[in-house]
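4 protein chains.
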Amino acid sequence: MNLNNLKLHHKLVPDNYLKLALEAQRCKEIQIKELLEKRKLPDVGWTEELIEYVIQQLAALDNNNFEHKIGLGEREARMASKLVINRNYGFGHGIGRSGDLLDAQPKAVGSTIVAQLSNALVLDVIRLQGIKSVKSYFIAPMATGMTLTLCLLSLKKRRPPAKYVLWSRIDQKSCFKSITTAGLTPIIIDTVKREEQDGLFTDLGKFEENLSCIDREEILCIMSTTSCFGPRNCDGIISLAGLAAKFDVPHVVNNAYGLQSTYLTHQLKQANSAGRVDLFVQSTDKNFMVPVGGAIVAGFEESSVHTVAKAYAGRASSSQSLDVLITLLCLGKIGYQDLVSQRKLNFVYLQKQLEEFAEKHHCRVIRAKANPISLALELKTLSTDVATKLGSMLFTRGVSGTRVIIKGCNKTIDGFEFAG
Amino acid sequence: MNLNNLKLHHKLVPDNYLKLALEAQRCKEIQIKELLEKRKLPDVGWTEELIEYVIQQLAALDNNNFEHKIGLGEREARMASKLVINRNYGFGHGIGRSGDLLDAQPKAVGSTIVAQLSNALVLDVIRLQGIKSVKSYFIAPMATGMTLTLCLLSLKKRRPPAKYVLWSRIDQKSCFKSITTAGLTPIIIDTVKREEQDGLFTDLGKFEENLSCIDREEILCIMSTTSCFGPRNCDGIISLAGLAAKFDVPHVVNNAYGLQSTYLTHQLKQANSAGRVDLFVQSTDKNFMVPVGGAIVAGFEESSVHTVAKAYAGRASSSQSLDVLITLLCLGKIGYQDLVSQRKLNFVYLQKQLEEFAEKHHCRVIRAKANPISLALELKTLSTDVATKLGSMLFTRGVSGTRVIIKGCNKTIDGFEFAG
Amino acid sequence: MNLNNLKLHHKLVPDNYLKLALEAQRCKEIQIKELLEKRKLPDVGWTEELIEYVIQQLAALDNNNFEHKIGLGEREARMASKLVINRNYGFGHGIGRSGDLLDAQPKAVGSTIVAQLSNALVLDVIRLQGIKSVKSYFIAPMATGMTLTLCLLSLKKRRPPAKYVLWSRIDQKSCFKSITTAGLTPIIIDTVKREEQDGLFTDLGKFEENLSCIDREEILCIMSTTSCFGPRNCDGIISLAGLAAKFDVPHVVNNAYGLQSTYLTHQLKQANSAGRVDLFVQSTDKNFMVPVGGAIVAGFEESSVHTVAKAYAGRASSSQSLDVLITLLCLGKIGYQDLVSQRKLNFVYLQKQLEEFAEKHHCRVIRAKANPISLALELKTLSTDVATKLGSMLFTRGVSGTRVIIKGCNKTIDGFEFAG
Amino acid sequence: MNLNNLKLHHKLVPDNYLKLALEAQRCKEIQIKELLEKRKLPDVGWTEELIEYVIQQLAALDNNNFEHKIGLGEREARMASKLVINRNYGFGHGIGRSGDLLDAQPKAVGSTIVAQLSNALVLDVIRLQGIKSVKSYFIAPMATGMTLTLCLLSLKKRRPPAKYVLWSRIDQKSCFKSITTAGLTPIIIDTVKREEQDGLFTDLGKFEENLSCIDREEILCIMSTTSCFGPRNCDGIISLAGLAAKFDVPHVVNNAYGLQSTYLTHQLKQANSAGRVDLFVQSTDKNFMVPVGGAIVAGFEESSVHTVAKAYAGRASSSQSLDVLITLLCLGKIGYQDLVSQRKLNFVYLQKQLEEFAEKHHCRVIRAKANPISLALELKTLSTDVATKLGSMLFTRGVSGTRVIIKGCNKTIDGFEFAG
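Protein chains in written order, with the UniProt record's numbering: chain A, 1 to 420; chain B, 1 to 420; chain C, 1 to 420; chain D, 1 to 420.
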């Protein structure tokens, strides 16, 4: 609606009033122009009105929202419920084409822009967080675990005979399942304690040992993890990257909720400089505060990431991209950085409070220095029963995100047994 | 957002795709251009998306929605709740200025356009319904009764010594109260039966009698009614208009829910040709299917209507204008006319069914020929108790809009007693 | 939806999970119960979700939202556009009945509750602001000026021969028009300067003079104003109330944007104790941060306020009540009081800054001590041209709510001439 | 909000009015009770208001929407943008747990109900469409192709040495990619012409030949397709199911947009009776008119489907389930069946028109009898240029869903070459 070009009758509104009001619109137009032309995260977050306006204008570019549409034989983007249309802003085509998640769709220009623009803003955040050398990246509309599976499958396409993934153990089911679901065999390398240092560390020796004795052709990749529950530390990804380079095997980093921590992104950056990192994957919910269900695949080379995008069979949901786009526009650079600093302060505060509490109750907070996002409290002094009860007490009091681990309790996942 | 002028990177979307999508927007732009430049009701109703788009763009022109606003000492259009902002599309300034409801507001260009545009579309509907000679009209954000009061007060400003309103009785409280609240004295002229004709008619003789014997200076106006509950007929407004012209007194027509009936609008048109009609007032809810609370003041001369608009003290709510604007854009000319024809068909159907029912139960449907919108059923054969019970039975069965009148039950309103 | 009573299959969700989730709902249920049973403003503002939930549940009680509705002959609350339904939450019946704005509507139980509840919360705010003795009050869906007209008309019903309103001049059009539109004659009493005191004051001597010499029967009321543009002070309403009591004439206070100032509400309270205040009227937009178009009529006696509610002819829009209800629930007691204190601080800050500016530019800020809401800057040192230019400069820079007054410029409203 | 239990002051609303209004709510309560207790698709579609009400009440059961939530260390379901919260109705936890997509989440009772309820309603539709014997089913938040990959990977978990998929060729990229992405080798079996019959048919002979000569252990499954572009027919899935049973290999059916055709669902039902069908997969967008991005995995045995649900690594987006739930509630049984019949009628109409057109232009509509959802037009008489131009003409005229295939144009996907 270009009111500038319209000739409004003075009875509708006097010319001079209109002129002033139109001038006031210019700063919005500039904001939009900058976003779409430069594809950069704005410094200051946008108003909800402006965000919705742009989203709606983009949605209007999808052919299901054209006024004169016929849709002979078209089976897509026909939505039966107005509620569904509204909550999806009219977007129905999904993103990508069956050949490639990153392809533009001729029928869905708006969806295409949403997908590419949200990818571009995510890039900005990755760089903002310190990983300047990142080259390629895209939002995958699947959970982090399933996205890791897709990454492994895309590596497998290039290394058909490979079947092993060297995996630094982390007690998180979906990470492990990402390997077995891909039809691959994990070689589990337990973390180890170090003298004089709190927490659990990557067993680099075991990694080197395995890389040396297994046929390199049969190793699909090393899989390491940055963000995890304490007392486990972030994996020694710089050293692992070195090993990956030395033995020439791919290296995939599970950076699930690590993008928000500059400590962890710094590790990633260093790892790439010092050796080999093919792909690193992070969830959208944990790093961008959107609903569960999306992940970001990123890498330091265009080709490795693009191969993953091409491996996704079919067109994908645009829901995740849309949520990320809205959220990043709403936060802006400053808003995102505020959240990052605030999290750091909260962490320090929690650590201090927990240490005071621990002292009082004769237990101990484990200081895993290379884990800037999770804290562990050793409850040795408590019996199994009391510890279990503590967990449920926290839950019913509305405290979520905590886990009580009982010693000596083994689990079997996909045929593999895990101790403790 | 003028995507035509932006230079989008091909990575965002290929140029040729974008070009096609932008071309598809043109028909919307033409619709908007036509609406704002010609100020005519579109033939076909608009989609909700297009309506909201235009409303939002207009709201952006009000200064409370500017991005760089300061608002030093401004006490208006500051809304505390986001829910309130959303449901009002950001409009907060109301319409008009304290001097005149029809004045443009320099701070609220969008509100001004909404007010003038909804007025313009209402004009189109009035003309569509046959009253081509209407000259002036505006939406008043008050109930029909209160708006009639305002009309009377504005006439009073021009005829200070006048105190009587010659009123053809209709059993509807707010119409009567509109006179007493204005501080005026109603001269109630009962309707009469005519030989060989069903229903109740205006007592033209009594009107002429009163006009002849009361000092003309003391008569503020004649007030007649078109739409009413049967068995009362539409007033003989053509003859009353003749009397008004002959005796040179103003004539105000209460056309509450008459705009939807071409029979009644035809009477109005004829009345103006044959004599004098100063103002006719209709409710927005009953004629435009919007929530209760607005009315339309219309007339055949610019000055008489404008005086009413100037009499409203203060700026007025824009809610009513907004609801009317949205509804008329949603219906379009065709949609509105469909509703009008459908109502006619429903009326004929109801009449037929009611007559069949009446025959079976030995009662009688009163054929008030000059009342095309309400039906009366004579329940002489029922006792008072049974009749009352019938009313409550209809109500609990979800049938609304019916009234059971018990004979011999008098009421007093503002000191005036009404029989039956 | 009472999930407590449902027997959900364990396949849908395990019982123990559900039980915990249902328990977490209880605090919301208590909030709702307290609101509806006690009809008090909650201390802490509600979440938007909870507000919308209650509003939607209330809307469901209006018969146009029943699922099995027939609507034979019903002409109200039929809305054609879904957008209009949505923005009005399905409310269409308006509030009150043609006989009385405060009457309950059998067809519209939800609308009735919204109207009464918003009235009740407004009462809470009035009391919170210090006027504990207020007895009656209601939200009128009209601008403050038009509502003042309605107040005057309702007084006129009780004092038919009265025709004069003794009015302490304030340069605000709609206040003056509220008198002339009611068909009454204002007796304008100019404000005066006092020695050694900044600002303009009520000319109490002139009031007493007029009350003494005009036939008391012919005086409808005294009309005073609290909130106004500086350098005029709040009227001496305590003294005026004393005069009103002494001479036994009604006293109407225009408290347009005074409810937010505890200084002004204190004056009102004192005025009622010291003499006579029949009605005081304030706008909803300026005191409750909702869109323009509503006012609150309040008084210290049930009957005087109820007479005003009965004078409104017809059912009224529920839009204003709804906006007030939502806003007050959103703010809560604490939120409202925060806004009030913040305004005070802003005022002091602005005054200080303006005084510094004035000193630098050799002009003077007028210290009208009895005006806690508006500041005046004497621009004697500027020529007329420069002063006019200043006004337009402020406007184009997005500073609104300011007025530049040029000396020696007279205006005529409704036949009355005003100097300066 | 249980108004039944509240004691409302008569000033808020008279008791008898309230009682009637509450009674009118009962039919809604019954609808909700039936839905949640019986988990069946309602016969008649629900109003948008009722749907939103239930969705909002369910969302309130997720712990991120609790009023007293703390969220210590919780990284999920924290949404930064109100727009994102609104469009997701406050759902943020996704569905399932990292171990199993079908698991209930203790923190997200509402999300869990949404997931299970939408699954249950989908079951109802599958049965409604004739496949009464379906046992297990769930909505996967991935495109059909990617979901087929997941199915293959889950089969692979049970048959580790298998590496071949016997695939009846269909020219649709994502179907083929679903095999290669899973790291498997497709054995492509071209469709064949039959004498005296139009269209292309499954080459059953070739299938039997392959099944006979390849080591059974190395065959992962047969993959067949029902819905496809003409002139290809639906695969002979009844015979293929027979072969699958005879040779004891799994059989996966790609039923992408086949659920809407009772002809195709009948084939599926027969295939299961006559032989072996392990899994059949369909897209949600094409069968339920929701945005692109979801698929339904269904089977005739609980275990095979559950294995797929367990293979998904991580928690999944709830967006797809929510869209399906809303849409099915909006349509109801009758609405869904209407759409199905209407599609059939449209197909017959299109076929007739196309045949008339073909006759006029000397080309031929190919009557592929076993393809009830797509039509092919042989353009032998047109040159390559003209045919290409036809495609682009249809596109720019807003006709979507058509494809022009040029003869002799080969393509290579993932190293496999396809002729024509």
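Built from N, CA and C at the ideal position, the CB exists for glycine as well.
Contact set between residue i and chain C, taken where Cβ atoms lie within less than 7 Å
i               : result
P14 of chain D  : A104
H9 of chain D   : R39
I113 of chain D : L12, V13
CB contact flag (residue i, residue j, <7 Å)
i               : j               : result
D43 of chain B  : I334 of chain B : yes
I51 of chain C  : L329 of chain C : yes
C234 of chain A : A370 of chain A : yes
G314 of chain C : G145 of chain B : yes
T181 of chain D : T149 of chain D : yes
K7 of chain C   : E196 of chain D : no
I366 of chain C : A376 of chain C : yes
N2 of chain A   : N2 of chain B   : yes
L331 of chain D : G96 of chain D  : no
S318 of chain C : G94 of chain C  : yes
L211 of chain B : Q129 of chain B : no
I296 of chain B : I139 of chain B : yes
P231 of chain C : L200 of chain C : yes
T147 of chain C : S168 of chain C : no
T265 of chain D : I131 of chain D : yes
A311 of chain B : S118 of chain B : no
S227 of chain C : Y263 of chain C : no
Proximal chain D residues relative to residue i, where beta-carbon distance stays under 7 Å
i               : result
L312 of chain A : For the sequence presented, residue 312 of chain A should be read as Tyr rather than Leu. By Cβ distance, chain D contributes M146.
T181 of chain A : L153, A311, A313
K33 of chain C  : L6
Exposed unless 16 or more other CB atoms sit within 10 angstroms - verdict on residue i
i               : result
C213 of chain B : exposed
L18 of chain C  : buried
Q342 of chain A : exposed
Q172 of chain C : buried
D62 of chain D  : buried
K251 of chain D : Correcting the residue type first, residue 251 of chain D is His in the shown sequence and not Lys. Flag for H251 of chain D reads buried.
L323 of chain A : Per the sequence shown, residue 323 of chain A should be read as Asp rather than Leu. Per the 10 Å Cβ criterion, buried.
Under 9 Å by beta carbon: chain D residues contacting residue i
i               : result
L117 of chain C : L12
Under 7 Å by beta carbon: chain A residues contacting residue i
i               : result
V281 of chain D : Ordered by position in chain A, no residue passes the 7 Å Cβ test against V281 of chain D, which lies about 11 Å from the chain.
Partner residues on chain C for residue i, Cβ-Cβ distance less than 8 Å
i             : result
N2 of chain D : N2, E29
Closer than 9 Å at the beta carbon, the chain A residues around residue i
i               : result
K135 of chain B : Going along chain A, no residue has its Cβ under 9 Å from K135 of chain B, so there is no contact; the nearest lies around 13 Å.
Interface partners of residue i on chain B, CB under 8 Å
i              : result
L83 of chain C : E48, I51, E52, I326, C330
Amino acids of chain B, ordered along the chain, whose beta-carbon sits closer than 9 Å to that of residue i
i              : result
G94 of chain C : A143, D285, P291, V292, G293
Item to check | Residues of the stretch 163-174 of chain B whose Cβ lies closer than 8 Å to any Cβ of chain C, in chain order | outcome: Q172, K173, S174
- Query: For the stretch 243-252 of chain C against the stretch 274-283 of chain B, are there 3 or more C-beta pairs whose distance is under 8 Å?
  - Reply: no
### Query
Along the stretch 335-352 of chain A, what residues have a CB closer than 9 Å to any CB found in chain B?
none
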